[in-house]
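Undergrad: In my numbering, the protein residues as written are 23 to 286.
The beta carbon of each residue, even a glycine, is placed where N, CA and C say it ideally should be.
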């Protein structure tokens, strides 16, 4: 069995590797350029669909590595383009029809509506609507009825995750689940995970080193076990600037000491 990569990085996208407002990643290029010359891999881990992630993964230069899509609902395997298999998504949509009313999913919206809600271009909105493993949407019912909807969804085998903007339904797989599976698959010497939101916390905990990228526009990530020792770190700068700072610092530690700096 061939040895695994020296470093395997798992990264959230929006607000982490991508700028929260411009959706650009170029500020992270200094660290990405170093990774491309090393025995290192980058796994994108995101709520985005495979249709959204495939061109971005190619643009960044890491198509030889899988991507975690739809918050862990599925994997886009190395080199692959998105498949047309929507069977899991259709199961979710079918289950929705039997639930209490009040949820309006992407499948109920036009591309223009999704574009208006997200700020995406019409073409990007079309890719965001190309769901395979989850259904994001808006709760438009009475707030008092949301718990009843959630309970009914769980009875139907669905997992409900309510975010700052959207509520998403899936069959329960998470980004952290996929991180664990991919660490077992690739057996890296070191694993690093980066995210900017509370729902990234579990993923950060599974890696050898977790990086909380500053995001002053979003909810705070609570203090996590491992911050005192330096296993979990926080960046000063936001988005791809902070991403590049953190990854570059860790690569410097590996090159000079061969191991990251922990305390305690």
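#1: Taking a contact to mean a Cβ-Cβ separation below 8 Å, would you say residue 125 touches residue 118 in this structure?
#2: Taking its Cβ as the centre, do 16 or more other Cβ atoms sit within 10 Å of residue 95, making it buried, or is it exposed?
#3: Enumerate, from N- to C-terminal direction, the unbroken alpha helix (DSSP H) stretches of 4 or more residues contained entirely within the segment 125–157.
#4: Tell me the residue span of the beta strand (DSSP E) that contains residue 273.
#5: Helix, strand or coil: which one does DSSP assign to residue 113?
#6: My understanding is that residue 183 touches residue 190, with C-beta atoms under 8 Å, so please give their C-beta distance in whole angstroms.
#7: Rounding to the nearest angstrom, what Cα-Cα distance links residue 79 and residue 25 in this structure?
#8: How is residue 83 classed by DSSP in three states: helix, strand or coil?
#9: Do you know whose CA, among 273, 257, 277, lies nearest residue 52's CA?
#10: Given a threshold of 16 other Cβ atoms within 10 Å of its Cβ, counted over all protein chains shown, does residue 38 qualify as buried or as exposed?
#11: Where do the ends of the beta strand (DSSP E) carrying residue 62 lie?
TA: Result, derived from the coordinates:
#1: yes
#2: buried
#3: 133–140, 144–150
#4: That residue, residue 273, is in no beta strand (DSSP E); its alpha helix (DSSP H) goes 261–279.
#5: helix
#6: Going by Cβ atoms, the distance from residue 183 to residue 190 rounds to 5 Å, so yes, they are a contact pair.
#7: 24 Å
#8: coil
#9: 273
#10: buried
#11: 62–66
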